[in-house]
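To keep things clear, I will list the structure first and then write my remarks on it.
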DNA sequence: GCCGCTTCTGGGAGCGCTCCCGACATCATC
DNA sequence: GATGATGTCGGGAGCGCTCCCAGAAGCGGC
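Chains as they are written, first to last, in the working numbering: chain A, 332 to 675; chain B, 332 to 675.
The structure is reproduced here in structure tokens:
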């Protein structure tokens, strides 16, 4: 039995290679009856074009890469990445692209990315996450000429990026806490090299200042986006007696909650706690977390679409897309409505 | 400037395409001086062979796939996968293979695997994890003829697999608890469709029975490898007053710990708790967890090596490799040595 | 100095597909 | 009925590499 190739499919359908190719690639200019015939043969034989041959002859591989700039442990313990990958993976399927995840944490693996992945033309483009300001990787990618989009922030406006509206998110938190009459508002931030963290911080400070209640620098502690880090940060904060703590992620907020509870603080009466993300830990914590909702999964799918746009139409200028954020109020900032009342 | 191809490199080095190819692929039969000359050109120009062309002309893509049979959330929240992926990724780098991660959770994405990944000859082989007994995927893969290895258990001996020695691990736990004089030994298992869970359970039961202290079926609760699941399972268990609980993973053990502590039980005095894996949550929990250490990262690298063996030498019969497990005793089963004594 | 051997090198023939262009048929138009 | 526009189809020419084999070069032995 001969090998199953385009040629063979064409032969079986009684058409030429070219016509079979047109049908399989959904191009028009083929009479419906002939199209049908080819499609039937494809169905019957289960023909699938050879990826490498396609990639060599056409000019693209239909493989998109996802490069995450974090250690494996960090990636595989963060619900944020779960949601993001979910969104990216789904969008790839929708657009008939294969997603390939590249992990590179050690410096050595780092070196490999340009050589082994980019120069070999293995991927058509890259979604890159968790970069920090002035990340050399970004520069490297720009140099290499490969299309890519960043999930997060970039200073260079000629690079496409997707992100949540961090500014608005932080401002909403400030507004909410002020409206609750909190006066000793603390923050547990992410590392300042993270652009998301510094943007949230700046926006938060500004919102407080505008409202005439500027932030006390003593009430700001930098943590590392982990639960344990936030737990430790909160212990530091306790002596300063804050009446509200804004943690820059839900995971960190969970650590904040734990530290406060162990110290005997009532939430939200003594201290209001607010997170960021609205990912699984938020609604399940006790008490449920007031948090800034961002659409992480959508962020992923938008990133893929933006990347495909860049690949297919390099002439379109780069652009940045910010997805809306909104505040989700739960019991960690506002006492439940039944407090002091009877269940109806 | 002409495109950088093998042809061009050969031209610059003053040799033929074939010779350049030999040098780049590390084959011998090339005079050292000529080899040097080619290598210099490669270095200078930064030439990297085109992946698709290689893949088409040779018969392999140098891409290995990792297929994880779980939802994205599960994968991205489990330290086990972090370690496993780490091992696999490292081994791929060592062997100059590109790792591609395929996520497919929905039924629709499932369908894609055979067609889009296997038939296209995109990957040379697959590492498959988290299969369950009689998983149709395994059958599909066997049918398709693509080389693959399973991380975990398989009934079919003609399939290569890598796993920890679960039997020994479970037996060690039984032995340890018995030696501590525990009599009401409970287990919080994983789902019984998981082969690892059922093997651990069987081995554990057998070990207890052999020691003349058969397991009380009332003291066995099935959970789902999550912390919350184990928390709930333990609450069920509390009324039966166990004096030891063996959880089938460290994450679950953490849930067990939490439930016991909330119920006011002292650990290990009232209840000894033992986990499985010895991954990050184990040593950091309070109290630190006695657990069965398995070398997850090594499991990953061995899987890759076994896969490469199958790809390169299909004639070698399939084999199963079991990596040793050992007991790591910490404070969750044995009170710290300083209890009742003075620090020296 | 010639033969036969080994060691090294070069060129041809694909791998399976896409893309381009020319051939052909069909139909409307004058 | 000749002409051109329009719509379909087929074949050739690669994409950049690997593999195979033939041929060149170098060497010792007679």
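Glycine included, each C-beta is placed from N, C-alpha and C at the ideal position.
Item: The stretch 618-626 of chain B contacting the stretch 457-475 of chain B, beta-carbon criterion three pairs below 8 angstroms; Value: no
Item: Residue 517(A) (DSSP reduced to helix, strand or coil); Value: strand
Item: Beta bridge counterpart(s) of residue 651(A) as assigned by DSSP; Value: 492(A)
Item: Continuous alpha helix (DSSP H) stretch holding residue 530(A): start and end; Value: 526-541
Item: C-alpha distance - residue 536(B) paired with residue 569(B), whole-angstrom precision; Value: 20 angstroms
Item: Contacts of residue 334(B) in chain A (Cβ-Cβ under 8 angstroms); Value: Chain A residues near residue 334(B): none, gap ~11 angstroms exceeds 8 angstroms.
Item: Residues from the stretch 635-665 of chain A in contact with chain B, defined by Cβ distance under 7 angstroms; Value: none
Item: Own chain partners of residue 670(B) with C-beta closer than 8 angstroms, once the 5 adjacent residues on each side are dropped; Value: In this prediction, residue 670(B) scores a pLDDT of 41, lower than 50, which makes its location untrustworthy; no coordinate-derived value is stated.
Item: Neighbour flag for residue 410(A) against chain B, beta carbons, 9 angstroms; Value: yes
Item: Residue 633(A) vs residue 654(A) beta-carbon contact at 9 angstroms; Value: yes
Item: Cut-off 6 angstroms between Cβ atoms - residues of its own chain near residue 606(B), not counting five sequence neighbours on either side; Value: 578, 581, 584, 613, 620 and 622
Item: Neighbour flag for residue 381(B) against chain A, beta carbons, 9 angstroms; Value: yes
Item: Minimum length 3: unbroken beta strand (DSSP E) runs contained in the stretch 386-463 of chain B; Value: 394-399, 429-434 and 456-460
Item: Burial state of residue 338(B) (16 or more Cβ within 10 Å); Value: exposed
Item: Interfacial residues, the stretch 447-462 of chain B to chain A, with Cβ spacing under 8 angstroms; Value: 447, 448, 450, 451, 452 and 453
Item: Chain B contact for residue 580(A) (CB, 9 angstroms cutoff); Value: no
Item: Cβ neighbour criterion (16 or more within 10 Å) applied to residue 428(A); Value: buried
Item: Per DSSP, the bridge partner or partners of residue 642(A); Value: DSSP output for residue 642(A) lists no bridge partner at all.
Item: Proximal residues of chain B, C-beta to C-beta of residue 384(A) below 7 angstroms; Value: 387
Item: Close-in-space but distant-in-sequence residues of the same chain around residue 524(A) (CB under 7 angstroms, 5 per side omitted); Value: 463 and 464
Item: C-beta atoms of residue 656(A) and residue 503(A) nearer than 9 angstroms; Value: yes
Item: Span of the alpha helix (DSSP H), counted from its first residue to its last, around residue 557(A); Value: From DSSP, residue 557(A) is part of no alpha helix (DSSP H); its letter is neither H nor E.
Item: Residue 558(B) burial status per 10 Å Cβ neighbour count (16 or more: buried); Value: buried
Item: Contact list for residue 434(A) against chain B, beta-carbon separation under 9 angstroms; Value: 416, 417, 420, 430 and 432
Item: Three CB pairs or more closer than 8 angstroms across the stretch 538-555 of chain B and the stretch 480-494 of chain B; Value: no
Item: Host alpha helix (DSSP H) of residue 598(B) (start-end); Value: Counting along the chain, residue 598(B) falls outside any alpha helix (DSSP H), and DSSP gives it neither H nor E.
Item: Residue 625(B): first and last residue of the uninterrupted beta strand (DSSP E) it sits in; Value: 621-625
Item: 9 angstroms Cβ cutoff met for residue 531(A) and residue 498(A); Value: yes
Item: Alpha-carbon to alpha-carbon, residue 648(B) and residue 350(B); Value: 35 angstroms
Item: C-alpha distance - residue 482(B) paired with residue 459(B), whole-angstrom precision; Value: 6 angstroms
Item: First and last residue of the uninterrupted alpha helix (DSSP H) at residue 336(A); Value: No alpha helix (DSSP H) holds residue 336(A); DSSP gives it neither H nor E.
Item: Cutoff 9 angstroms: residue 473(B) Cβ touching any chain A Cβ; Value: no
Item: Residues of the stretch 388-401 of chain B whose Cβ lies closer than 7 angstroms to any Cβ of chain A, in chain order; Value: 392
Item: Within 9 angstroms, strictly: CB atoms of residue 599(B) and residue 664(B); Value: yes
Item: Simplified DSSP assignment, three categories, for residue 355(B); Value: helix
Item: Where the alpha helix (DSSP H) through residue 694(B) begins and ends; Value: No answer is possible for residue 694(B): the residues shown for chain B start at 332 and end at 675.
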